[in-house]
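S.K.: Each number in this note's numbering corresponds to the 1-based position in the sequence shown with 53 added.
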Amino acid sequence: MTRALFLDRDGVINIDKQYLHRIEDFEFVADIFDICKLFLSHGFIIVVITNQSGIGRGYYTKDDFELLNSWMIDQFAKNDIKISWTYFCPHTPQQNCVCRKPKRYMIDEAVKKFDIDVAGSVLIGDKDSDIICGKRAKIGKTIYINKDININSDINIENFKELKQRHSHLWSG
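#1: Assess contact between the stretch 134 to 149 and the stretch 89 to 100, defined as three or more Cβ pairs (one per stretch) separated by less than 8 Å. Is contact present?
#2: Round the Cβ separation of Ile88 and Phe167 to the nearest angstrom and send it over; I've been treating them as touching at under 8 Å.
#3: What residue range is occupied by the uninterrupted alpha helix (DSSP H) comprising Phe129?
#4: If we count the other Cβ atoms within 10 Å of its Cβ and call it buried at 16 or more, is Asp127 buried or exposed?
#5: Mind checking which residues open and close the beta strand (DSSP E) that includes Gly109?
#6: Which one of Trp124, Ser94, Gln105, Gln147 has the shortest CA to CA distance from Leu30?
#7: Roughly how many whole angstroms lie between the Cα atoms of Gly187 and Phe81?
#8: Can you check whether the CB of Ile192 is closer than 8 Å to the CB of Phe59?
#9: Taking Ile160 as the reference, give the member of Lys131, Ile177, Glu119, Gln148 with the closest Cα.
#10: Who does Arg19 pair with in a DSSP beta bridge?
#11: Could you tell me the boundaries of the beta strand (DSSP E) in which Ile73 lies?
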């Protein structure tokens, strides 16, 4: 079985700019590449799970999302980081779909596709829905990256530098 690092996109991989869908507006969060390399070097795969309700709201198209996602994956590849897959939910909260976080559907799909050891995996998110999703899927460790505290997460950090300095047991254990 494979351990996975599950990453939300907006607010974790990139600075959250509401309904981001253009390459020129995309800005990577500091130290995201370093964190990904640490997990990869210890046998993790990286899977992105992201709610993209801007598609359902008509702010941008699925093609817009896929273009930006391809560009993002290329940027990771240029830094010697392989993103194994990106799962996304295009629906609005009002559509009550099966895939939108905090539902665990995207994680369950990744578990089937990659034979993932959920108990040995890690999820990083910046919203309560990310953490709840990880808990529902029984992910081994959930990390909340935000200036606020999330009482549901296993670990709360303000930035990836803090994660590197204080929590190396996550990727080496």
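All C-beta atoms in this analysis are idealised placements derived from N, C-alpha and C, irrespective of residue type, glycine included. Remember, it's a predicted structure, so these values are computed and weren't measured experimentally.
M.R.: Looking at the atomic coordinates:
#1: With a cut-off of 8 Å on Cβ pairs, the stretch 134 to 149 is in contact with the stretch 89 to 100, counting three or more such pairs.
#2: Contact between Ile88 and Phe167 fails: their C-beta atoms lie close to 19 Å from each other, not under 8 Å.
#3: From DSSP, the alpha helix (DSSP H) with Phe129 extends over 115 to 131.
#4: Residue burial annotation: Asp127 is exposed, with fewer than 16 other C-beta atoms found within 10 angstroms of its C-beta.
#5: Taken as a continuous stretch (DSSP letters only), Gly109 belongs to no beta strand (DSSP E), being part of the alpha helix (DSSP H) at 106 to 109.
#6: Residue 30 lies beyond the stretch modelled for the chain, which goes from 54 to 226, so this question has no answer here.
#7: Cα to Cα, the separation comes out at about 23 Å.
#8: Their beta carbons are under 8 Å apart, which means Phe59 touches Ile192 by this criterion.
#9: Nearest C-alpha to Ile160: Ile177.
#10: Coverage of the chain is limited to positions 54 through 226, which leaves residue 19 absent and any answer about it impossible.
#11: Before going on, a small fix: residue 73 reads as Leu here, not Ile. Per DSSP, Leu73 belongs to no beta strand (DSSP E) and is neither H nor E.
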